[in-house]
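If you're matching positions, the sequence shown starts at 1 in full-length UniProt numbering and goes up one per residue. Read through the structure below, which is laid out as C-alpha cells, and then see the notes.
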Amino acid sequence: MFSVLSYGRLVARAVLGGLSQTDPRAGGGGGGDYGLVTAGCGFGKDFRKGLLKKGACYGDDACFVARHRSADVLGVADGVGGWRDYGVDPSQFSGTLMRTCERLVKEGRFVPSNPIGILTTSYCELLQNKVPLLGSSTACIVVLDRTSHRLHTANLGDSGFLVVRGGEVVHRSDEQQHYFNTPFQLSIAPPEAEGVVLSDSPDAADSTSFDVQLGDIILTATDGLFDNMPDYMILQELKKLKNPNYESIQQTARSIAEQAHELAYDPNYMSPFAQFACDNGLNVRACPSELNLTGRRGRWNLKPFIAATAMLGPEPKRPLSSAQSAWTFLTV
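Now the structure itself:
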C-alpha cells in the first residue's frame with residue numbers, strides 16, 4: 001500500500017481502485033491533524049491485474065484501511081499457501097483477520113499507541129469463532145496517530161512497511177523468520193494438529209513508534225514486493241511521486257506493482273529472495289517473490305502480493321469521489 005501524509009481536517013483516502021472521503025462528522029481533531037492519502041494495486045495467483053476478491057483480498061493476501069477519530073489504521077496479511085494442500089483456502093484466514101481488525105478500529109476498540117492490541121484482540125476473536133476457521137497468516141498493522149503525528153506499528157512475520165522521506169528510507173519493519181522461508185505467523189489448526197502446526201503469539205510481533213512528517217511516504221506490503229524488489233528499485237519509483245494527490249499515488253502504486261510482477265518472471269534476474277535462498281544453500285537463480293519453494297516445470301509458483309503506499313501531504317481542496325474502503329498504502 002502506498003500512503004501520503006496530508007494535513008487538514010478532512011482527509012481523503014484511496015483504496016483498491018477508488019477513494020473514500022473521510023466524513024467530518026466522524027471526529028478527528030482540529031486543523032493540526034495529519035492524515036493519509038492512499039492508493040492500491042494488486043495481483044493474485046492468477047496474475048490478473050487488480051483482481052480483488054471479496055473483503056479486500058488479492059489471492060491469499062488481504063488488507064484493510066480504517067479511520068476512527070484521531071487515528072488512521074491500515075494492515076496487510078499474507079495467508080500461508082501451504083494450507084491449500086489440505087483443502088483449506090488460505091485467503092479465508094488472512095481475509096477474516098483483516099476484516100476483524102478493521103471492525104475493531106471502526107468501533108473504537110483499540111489504543112493508537114498499541115497496534116499489537118488490535119492484532120491480539122482480532123486473533124482471539126478468530127479463536128473463539130463459532131464457525132470453524134483454519135489457516136495461518138503473517139500480519140502488519142500501522143497506526144497513524146493524527147494528533148501526536150506518530151506512527152505506531154506491529155509486524156509479525158515477513159510482511160512489512162517502509163517510511164520514506166526525502167528519497168531515503170528513514171524507518172522500516174524488521175522481518176521475523178524462524179528459519180529460511182518460514183516467517184512468524186498466527187495460526188489456527190484442527191485439534192489433532194495443535195502443537196504441530198507452527199503458531200506464534202501476537203505478542204511476538206515487532207512493535208515500533210516513529211515521528212512522521214508531512215510528505216512522508218508509507219509503503220506497506222506483503223513479502224511479494226520485498227522479495228522481488230530491493231530498496232533502491234522501490235525508491236527509484238517513489239522519487240517519481242511529486243504530488244500528494246490520489247491520481248499520482250495510484251500511478252506510482254501501479255508502477256511498483258507492475259515492475260515487481262515483471263521481475264518475478266525474469267529468468268535472468270537475481271531477486272532479493274533468490275539471493276537469500278542462495279545464502280541458505282539453495283541453488284536458484286530467479287525466484288519470483290511471494291513464492292512457494294515448490295518448482296513447477298522449472299518455474300516458481302508465484303504467490304499473490306500486496307504493496308501499499310501512503311503519503312503525508314496537503315488536504316485535497318475538493319472532496320474526492322467515494323469508492324470502497326480507504327487505504328494508506330499501495331497494494332502490489
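C-beta: ideal position from N, C-alpha, C; glycine also. Every value quoted in this text rests on a predicted model; they were computed, and no experiment measured them.
According to DSSP, residue pairing for GLY79 in a beta bridge involves SER137. By the C-beta criterion, the region 74-89 is judged to be in contact with the region 131-141, since at least 3 inter-stretch pairs fall below 8 Å. Looking at the DSSP output, PHE64 bridges to GLY75. Put simply, the region 113-122 does not touch the region 159-168. Fewer than three CB pairs are less than 8 Å apart.
Within the same chain, Cβ atoms closer than 6 Å to the Cβ of LEU238 are found at VAL164 and ILE217, the five residues on either side in sequence being excluded. Nearest to ARG172 by C-alpha distance, out of LEU151, THR182 and HIS178, is LEU151.
Rounded to the nearest whole angstrom, the C-alpha separation of ALA71 and ASN268 is 44 Å. GLN177 is bridged by DSSP to PRO183.
Inter-segment contact for the region 223-236 and the region 250-270 is present: three or more beta-carbon pairs are separated by less than 8 Å.
In the three-state DSSP reduction, THR120 falls in the helix class (H, G or I). Note that the region 36-44 touches the region 59-66; at least 3 beta-carbon pairs, one per stretch, sit closer than 8 Å. One thing to note: VAL73 has its Cβ no nearer than 8 Å to the Cβ of THR38.
In the three-state DSSP reduction, TYR58 falls in the strand class (E or B). Your pair ASP200 and GLN185 checks out as a contact, with CB atoms roughly 6 Å apart and the cut at 8 Å. As DSSP reads the structure, HIS171 sits in a beta bridge with VAL163. Residue pairing for VAL143: DSSP places it in a beta bridge opposite VAL73 and HIS152. If you keep only unbroken alpha helix (DSSP H) runs of at least 4 residues inside the region 202-260, you get 223-226 and 231-238. Proximity of the region 92-102 to the region 122-130 meets the contact definition, three or more beta-carbon pairs being nearer than 8 Å.
Counting the other CB atoms within 10 Å of its CB gives GLN213 a total below 16, which places it among the exposed residues. Secondary structure of TYR265 (DSSP, three-state): coil.
Annotated three-state conformation of GLY42 is strand, per DSSP. When DSSP states are grouped into helix, strand and coil, GLY95 belongs to the helix group. CA-CA distance, VAL88 to GLY166, rounds to 44 Å. Between the alpha carbons of LEU126 and SER187 lies a gap of roughly 10 Å.
For LEU127, the three-state secondary structure derived from DSSP is helix. The C-alpha of PHE110 lies about 19 Å from the C-alpha of GLN128.
Looking at the backbone, the Cα of ASN245 and that of GLY35 are separated by about 13 Å. Counting along the chain, the unbroken alpha helix (DSSP H) around ALA274 starts and ends at 272-279. At the C-beta level, ASP223 and VAL169 stay beyond 8 Å of one another.
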